[in-house]
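Student: Here it is, the structure, as structure tokens.
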Amino acid sequence: MSVFKFYIIINAMEVLLERNKITINNPDSFRIKDILECGQVFRYNIFSTHANVLSKNHCADIVQDKNDIIINCDDSDYFHNYFDLNTDYQAIKQQLAVNPLMCSAIEFGQGIRILKGDLFEIIISFIISANNNIARIKKTLNFISEHLGNDMGGYYSFPDIDVLAQADEGFFASAGCGYRSSYLVHTLNILKNDISFFDGLKNSDTSQAASKLMSLKGVGEKVADCILLFGLSKTDVFPVDTWINKVYKENFEGTLSKRKDIRTFFIDLFGNLSGYAQQYLFYYKRSNKI
DNA sequence: AGCCAGGCCCATT
DNA sequence: AATGGGCATGGC
Numbered sequence: 000m001s002v003f004k005f006y007i008i009i010n011a012m013e014v015l016l017e018r019n020k021i022t023i024n025n026p027d028s029f030r031i032k033d034i035l036e037c038g039q040v041f042r043y044n045i046f047s048t049h050a051n052v053l054s055k056n057h058c059a060d061i062v063q064d065k066n067d068i069i070i071n072c073d074d075s076d077y078f079h080n081y082f083d084l085n086t087d088y089q090a091i092k093q094q095l096a097v098n099p100l101m102c103s104a105i106e107f108g109q110g111i112r113i114l115k116g117d118l119f120e121i122i123i124s125f126i127i128s129a130n131n132n133i134a135r136i137k138k139t140l141n142f143i144s145e146h147l148g149n150d151m152g153g154y155y156s157f158p159d160i161d162v163l164a165q166a167d168e169g170f171f172a173s174a175g176c177g178y179r180s181s182y183l184v185h186t187l188n189i190l191k192n193d194i195s196f197f198d199g200l201k202n203s204d205t206s207q208a209a210s211k212l213m214s215l216k217g218v219g220e221k222v223a224d225c226i227l228l229f230g231l232s233k234t235d236v237f238p239v240d241t242w243i244n245k246v247y248k249e250n251f252e253g254t255l256s257k258r259k260d261i262r263t264f265f266i267d268l269f270g271n272l273s274g275y276a277q278q279y280l281f282y283y284k285r286s287n288k289i
């Protein structure tokens, strides 16, 4: 017998913004491990007492102390947005708790937040992610940043588009990009010569933006969905990768075989909250607990 | 050792 | 429009 768990909405989160520090009292859904390890970000480190995460040319150090979160960073406005601190995750989780599996996934990943990553960094990161594993994606992105990013004093920024577009296939190969190296060179050449591409994406609805993204070499439907979710904050998407494929077959006992159809199945189920649902399910499945 | 990983490209049908 | 082979490379 399964017991449904429902979440009571308690919106007592207090956020204090200072120039280089964010203090959150009674955080609504914020757990460092869940946020950083759910597969949406690759440049981070988790230590025993704290963690840090890099985005674009920014760096944040995060400490969790019981009911308080303290974020020391170079730009608190950037990270207030980055950590999506205006969104009520309790309400989202309550709406997504439609069956026992979702309840379990939400409980397991209760501290997840969907980060608002830098669009350019997200595009490059998820082209590299295709048919790859997270440990290697992390190494590759760190290599690229440490070789072509700016030394920010203690960490390296993600390279600017002009710098990265100068790199050749050999560089990306040496970074471990494999056969994706040629995709990157091709896509970077497009992006560097069309800076309006980014504004075009930001001013498009989900399906229009998806079409623009899939015109880039190395971006198919799944990678596009990840860029839409993590780089453009579109939550009416559902990236179907090999893990979600397993969730569908093993835990939803579905009979569809094409990823596009599985995507539609989940979007019909979760609507505008599909992106959040996907993260809870992905993180739960990868934990090997189901 | 051998399968797998946040799939995509491209030729063929 | 749909299908399927090929693909760099390291993690586990």
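Residues 0 to 289 (numbering that gives the first Met the number 0) make up the first sequence, in order.
Backbone N, C-alpha and C fix where the C-beta goes; we use that ideal spot for every residue, glycine too.
1) C72: which of N80, Y81, F82, D60 sits nearest, CA to CA?
2) Helix, strand or coil: how does DSSP classify V236 here?
3) When we look at the beta-carbon of E120 and count the other beta-carbons within 10 Å, is it buried (16 or more) or exposed?
4) Quick check on this structure: which residue in N130, Q39, T86, T205 has the alpha carbon closest to the alpha carbon of G177?
5) Compare the Cα-Cα distances from Q278 to each of E249, F251, F229 and report the closest residue.
6) Between S206, I91, G217, K20, which lies nearest to L183 when the distance is taken from Cα to Cα?
7) Give, in chain order, every unbroken run of the alpha helix (DSSP H) that is at least 4 residues long and sits entirely within the stretch 163 to 200.
8) Short of 6 Å in beta carbon distance, which residues of its chain neighbour L212, apart from the five on each side in sequence? Order them along the chain.
9) Between the stretch 54 to 70 and the stretch 235 to 252, do three or more beta carbon pairs fall short of 8 Å?
10) Given this structure, state the Cα-to-Cα distance separating G199 from Q207, to the nearest angstrom.
11) Which class does T326 belong to by DSSP, given the choice of helix, strand or coil?
12) Where does E17 fall in DSSP's three states?
13) Report yes if the C-beta distance between L163 and I189 is below 9 Å; otherwise report no.
14) By how many angstroms is the C-alpha of G153 removed from the C-alpha of N56?
15) Residues bridged to S54 by DSSP?
16) Rounded to whole angstroms, what's the CA-CA distance from N287 to T241? Just pull it up for me.
17) Are there 16 or more other CB atoms within 10 angstroms of the CB of P238, so buried, or fewer, so exposed?
18) Residue range of the beta strand (DSSP E) that N80 falls in?
19) From G253 to A174, what distance separates their C-alpha atoms?
20) Alpha carbon to alpha carbon, what distance is there between C102 and S28?
21) Assign P158 to one of two classes, buried (16 or more other C-beta atoms within 10 Å of its C-beta) or exposed (fewer than that).
22) For M12, I'd like the list of residues in its chain whose CB is within less than 6 Å of its CB, leaving aside the five on either flank, ordered along the chain.
23) Do you know offhand how far F3's Cα is from Y155's?
Tutor: Taking the definition as stated:
1) D60
2) Correct three-state label for V236: coil.
3) buried
4) N130
5) F229
6) G217
7) 168 to 174, 180 to 191
8) V218, A223, I226
9) no
10) 9 Å
11) Since the first residue shown for the chain is 0 and the last is 289, residue 326 is missing from the structure and cannot be characterised.
12) strand
13) Taking the C-beta atoms as reference points, I189 is found no nearer than 9 Å to L163.
14) 12 Å
15) H57
16) 14 Å
17) buried
18) From DSSP, N80 is part of no beta strand (DSSP E) but of the alpha helix (DSSP H) over 75 to 81.
19) 38 Å
20) Just so you know, the alpha carbons of S28 and C102 end up roughly 15 Å apart.
21) buried
22) N25, P26, D27
23) Low confidence applies here, because F3 scores a pLDDT of 43, under 50, leaving its location unreliable; read the following figure in that light. Straight-line Cα distance between these residues: approximately 45 Å.
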